[in-house]
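**Q** Let me begin by handing over the structure; questions about it come next.
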Amino acid sequence: MIKKIIFDLDNTLLFISEEWKTTYIEFLKKYNLNISPTDLYSCIGNFEKDIKSVTDYINDNIGKNLSIQTISKNTGLSKSSLYKKFHKYYNCTVSEYINKKRVENSKELLIKTDLSIEIIAQQVGFNSTQYYSKTFKEIVGISPNKYRKSKNKET
Numbered sequence: 000m001i002k003k004i005i006f007d008l009d010n011t012l013l014f015i016s017e018e019w020k021t022t023y024i025e026f027l028k029k030y031n032l033n034i035s036p037t038d039l040y041s042c043i044g045n046f047e048k049d050i051k052s053v054t055d056y057i058n059d060n061i062g063k064n065l066s067i068q069t070i071s072k073n074t075g076l077s078k079s080s081l082y083k084k085f086h087k088y089y090n091c092t093v094s095e096y097i098n099k100k101r102v103e104n105s106k107e108l109l110i111k112t113d114l115s116i117e118i119i120a121q122q123v124g125f126n127s128t129q130y131y132s133k134t135f136k137e138i139v140g141i142s143p144n145k146y147r148k149s150k151n152k153e154t
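Here is the structure:
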């Protein structure tokens, strides 16, 4: 029972206030479910450590070919745990997060360089210019070319 509660804490209490955490601890004590504040914060800390490990790996390798298997192997998390924890924390899939990061990185290149869309797509980690353009438009709302033109007009 305690392990189940700790797992739930690990996956749900990350975002709530200190007041609610204290209330939850009081609830556990009331029903003789012995979990110390140290254990609670340890669970939350492990969750945050895992997420930081994943995001650090992604950010350090954003221009490379990233797969769930590669991220899982290099962070020590199972694929299942990686999917669950990442979605719980960011409310998106790992692939969506990677695409958002790559698009954000590409925005700077679109504004500050004259590199072609194809080169920018490759530099930020997309294997296909068409997929990059489609993903960019889904995230930003306009194509990379229109984004570049609109930002160049502003300067």
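For the sequence shown, numbering that gives the first Met the number 0 begins at 0 and goes up steadily by one. All residues carry an ideal CB built from backbone N, CA and C; glycine is no exception.
(1) Among residues of its own chain, excluding the 5 on either side of residue 7, which ones have a beta-carbon nearer than 8 Å to its beta-carbon?
(2) Under 8 Å, do residue 110 and residue 150 count as touching if we go by C-beta distance?
(3) Anyone know if the C-beta pair for residue 122 and residue 108 falls short of 8 Å?
(4) May I have the straight-line CA-CA distance separating residue 118 from residue 69, to the nearest angstrom?
(5) Reducing DSSP to helix, strand and coil, say where residue 65 ends up.
(6) For residue 98, is the classification buried or exposed, using 16 other Cβ atoms within 10 angstroms of its Cβ as the cut-off for buried?
(7) Residues in its own chain within less than 7 Å of residue 101 by CB, not counting five upstream and five downstream?
(8) I need the straight-line Cα distance from residue 49 to residue 94, nearest angstrom please.
(9) Please return the same chain residues whose Cβ sits closer than 6 Å to the Cβ of residue 136, not counting the five positions on each side in sequence.
(10) So is residue 105 buried or exposed if we call it buried at 16+ other beta carbons inside 10 Å?
**A** So, to answer that:
(1) Residue 7 sits at position 8 when you count from the first residue of the sequence shown. Low confidence applies here, because residue 7 scores a pLDDT of 49, under 50, leaving its location unreliable; read the following figure in that light. Closer than 8 Å at the Cβ level, and outside the excluded window around residue 7, lies no residue.
(2) Residue 110 sits at position 111 when you count from the first residue of the sequence shown. Residue 150 sits at position 151 when you count from the first residue of the sequence shown. Yes; because the gap between Cβ atoms is below 8 Å, this pair is in contact.
(3) In the sequence shown, the residue the question calls residue 122 occupies position 123. In the sequence shown, the residue the question calls residue 108 occupies position 109. Yes. Within cutoff.
(4) Numbered from 1 along the sequence shown, position 119 holds the residue referred to as residue 118. Numbered from 1 along the sequence shown, position 70 holds the residue referred to as residue 69. Going by the C-alpha atoms only, they are around 24 Å apart.
(5) Working through the sequence shown from its first residue, we reach residue 65 at position 66. Coil, per DSSP.
(6) Taking the first residue of the sequence shown as 1, we reach residue 98 at position 99. Flag for residue 98 reads buried.
(7) Reading the sequence shown from its first residue, position 102 is the one you call residue 101. Once the five neighbours on either side are set aside, the close Cβ partners of residue 101 are 61, 123, 124 and 125.
(8) The count along the sequence shown starts at 1 and reaches residue 49 at position 50. The count along the sequence shown starts at 1 and reaches residue 94 at position 95. Between residue 49 and residue 94, the C-alpha separation is close to 17 Å.
(9) As a working mapping, residue 136 is identified with position 137 in the sequence shown. Taken in chain order, the residues that qualify are 142.
(10) Residue mapping note: residue 105 aligns to position 106 of the sequence shown, counting from 1. It is buried - the Cβ of residue 105 has at least 16 other Cβ atoms within 10 Å.
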